[in-house]
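To start, the structure under review is shown below, and the notes come after it.
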Amino acid sequence: MHKQAEPGNWQPVATLDMLRQRAQLLSDIRQFFAKLQIMEVETPILAHCASTEVHLDSFSTSLSRSSGQSLYLQTSPEYHMKRLLASGSGPIYQISHAFRREESGHLHNPEFTMLEWYRPDFDYHQLMDEMQIFLQYVGLPSAGFDQIRRISYADLFLQYVELNPHTSDISHIRRCAAALGIPIENADKLTDCDSWLDLILSHVIEPQLGQKEITFVYDYPATQASLARIRPGNPAIAERFEVYVRGIELANGFHELDDVAEQKKRLMQDQQRRRELRLDAYGLDQSFLAALAAGLPPCAGVALGVDRLLMLLNSVQTIDEVMAFPLARA
Numbered sequence: 008m009h010k011q012a013e014p015g016n017w018q019p020v021a022t023l024d025m026l027r028q029r030a031q032l033l034s035d036i037r038q039f040f041a042k043l044q045i046m047e048v049e050t051p052i053l054a055h056c057a058s059t060e061v062h063l064d065s066f067s068t069s070l071s072r073s074s075g076q077s078l079y080l081q082t083s084p085e086y087h088m089k090r091l092l093a094s095g096s097g098p099i100y101q102i103s104h105a106f107r108r109e110e111s112g113h114l115h116n117p118e119f120t121m122l123e124w125y126r127p128d129f130d131y132h133q134l135m136d137e138m139q140i141f142l143q144y145v146g147l148p149s150a151g152f153d154q155i156r157r158i159s160y161a162d163l164f165l166q167y168v169e170l171n172p173h174t175s176d177i178s179h180i181r182r183c184a185a186a187l188g189i190p191i192e193n194a195d196k197l198t199d200c201d202s203w204l205d206l207i208l209s210h211v212i213e214p215q216l217g218q219k220e221i222t223f224v225y226d227y228p229a230t231q232a233s234l235a236r237i238r239p240g241n242p243a244i245a246e247r248f249e250v251y252v253r254g255i256e257l258a259n260g261f262h263e264l265d266d267v268a269e270q271k272k273r274l275m276q277d278q279q280r281r282r283e284l285r286l287d288a289y290g291l292d293q294s295f296l297a298a299l300a301a302g303l304p305p306c307a308g309v310a311l312g313v314d315r316l317l318m319l320l321n322s323v324q325t326i327d328e329v330m331a332f333p334l335a336r337a
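Next up, the structure:
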C-alpha cells in the first residue's frame, strides 16, 4: 500500500537530467509523426465508460455528489481515437496519460504515459515495419541493440518450451508448466488454456525476450484477439503483435477489428468473465460501438509505454526513476 510522501520527500524522484531526456523524447516523438504528417489529437481522460478488458480495472469518480453518475479515468485513449477515425480523421497519434487501478511495481505506476497511433490502410505487418523505424528514430537500437527479430507466437513456444500453443489442450499445458517448475498459486482460477499459456509466457519466456535484439512476437491465438481481427484458418490467428526489449513488454499492436457485431460479442464476453471473477462489470461503450457501425476504416494501431521506453533508453530498472512524481510522491 502506498502512503503519502513524508514532507521531507518533496523533491522529484527522477533526476533533472532524466527529466530533460524525457522532454527530449517527447519532442522526438512529435517530430517523428510530424515528418509523416500524422495528426496529433487529444481525447478525454475522464469519460462516461470504462474498458471491459478483463485484466484492467478503472478508477471511478462522479460528476457531483448528488448526481450518482459514474465517470472513469481512461485506461487507454483507444475507443475515443477510433471514434475520430470513423469520423474521417485519417492517421492520428496521441501522447496521453492513462490510469490503471491496482497496477503498481517496478514496471507499473497507476498513472503513466502512453503513446498510441493508428494508420488507416495499414495491416499489422506494415505497422510493425513503421514501429521498427520509430524505435530506430528515437534511438533504441543504439541503446545496446543492433538487430530486430520477428517470431510468431507459435514458434516462440516451440522454441523455448517445446509446446504448440495452438494444438495443446489444457492438461498438456498444465503438465508443461509443472515440468518447468513454475510456482502456481490459485490454480483453480486458471480455467482455460490462455491462462496457463500466459503463466508460462510470463515466468519462462518473457524474461528471455529482447535481451540481445528487439523482439516482435506476432500471430496470437484467436482466443487472445482482444480488439484485433481474426484471420480464419486452422488454427485461426489473431492479427496482433507485441514488442519486447530486455524482457519488458513495450508495445501492443493490432490489425484493428472493424466488425461491430463481433466487437459487441467480445465486449459482452469480457463482461461475463469479469462477473465470474467477481470484478466490476462495466456497461458497454455505446458511442464506440456506434462509431464502428458507422464505419471504422481498415487500419492498424499500436500502444506503447513511454515511461518504459525511457527506462530502456537509459538502462534503469524501475519506472519510478523516469518519473518526476510517481505514486509514492504524488
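Going by the working numbering, the first residue of the sequence shown is number 8, and it counts up by one from there. Just so you know, even glycine gets a beta-carbon here, dropped at the ideal spot from N, CA and C.
- Setting aside the 5 residues that flank it on each side, aspartate 292 is surrounded in the same chain by Cys56 and Tyr86, each with a C-beta closer than 6 Å to its C-beta; the list follows chain order.
- Counting every other CB atom within 10 Å of its CB across the protein chains shown gives isoleucine 140 a total below 16, marking it as exposed.
- For isoleucine 212, same chain residues with a beta-carbon under 6 Å away, outside a window of 5 residues either side, are Tyr167 in chain order.
- Here valine 323 carries a coil assignment [DSSP, helix/strand/coil].
- DSSP links leucine 311 through a beta bridge to Leu122 and Ala258.
- In the three-state reduction of the DSSP assignment, alanine 54 falls in the strand class, which pools E and B.
- Sixteen is the threshold: since fewer than 16 other Cβ atoms of the shown chains lie within 10 Å of the Cβ of glutamate 49, the residue is exposed.
- By the C-beta density criterion, glutamine 38 is exposed, having fewer than 16 other C-beta atoms within 10 angstroms.
- Under the 10 Å beta carbon count, methionine 275 is surrounded by fewer than 16 other beta carbons and is classified as exposed.
- By the C-beta criterion, the stretch 264–271 is judged not to be in contact with the stretch 127–145, since fewer than 3 inter-stretch pairs fall below 8 Å.
- CA-CA distance, isoleucine 36 to serine 175, rounds to 41 Å.
- Burial state of proline 172 is buried, judged by a 10 Å Cβ sphere holding 16 or more other Cβ atoms.
- As a beta-bridge residue in DSSP terms, histidine 104 pairs with Thr120.
- Residue pairing from DSSP leaves cysteine 200 without any beta-bridge partner.
- Under a 10 Å Cβ-count criterion, glutamine 270 is classified as buried, with 16 or more other Cβ atoms of the shown protein chains found around its own Cβ.
- Secondary structure of isoleucine 191 (DSSP, three-state): coil.
- In this structure phenylalanine 106 does not touch threonine 68 by the C-beta definition: roughly 11 Å separates them, more than the 8 Å allowed.
- Distances from the alpha-carbon of aspartate 199 to those of Ala186, Gln231, Arg285 and Asp327 put Gln231 closest.
- With a 10 Å radius around the Cβ and a threshold of 16 neighbouring Cβ atoms, arginine 247 comes out buried.
- For valine 48, there is no enclosing beta strand (DSSP E), as DSSP marks it with neither H nor E.
- Look at glutamate 269 here: in three-state DSSP terms it is helix.
- Taking 8 Å as the upper bound for CB-CB distance, tyrosine 131 and cysteine 306 are not in contact here, some 10 Å apart.
- Glutamate 123 is positioned such that its CB atom lies closer than 8 Å to that of glutamine 101.
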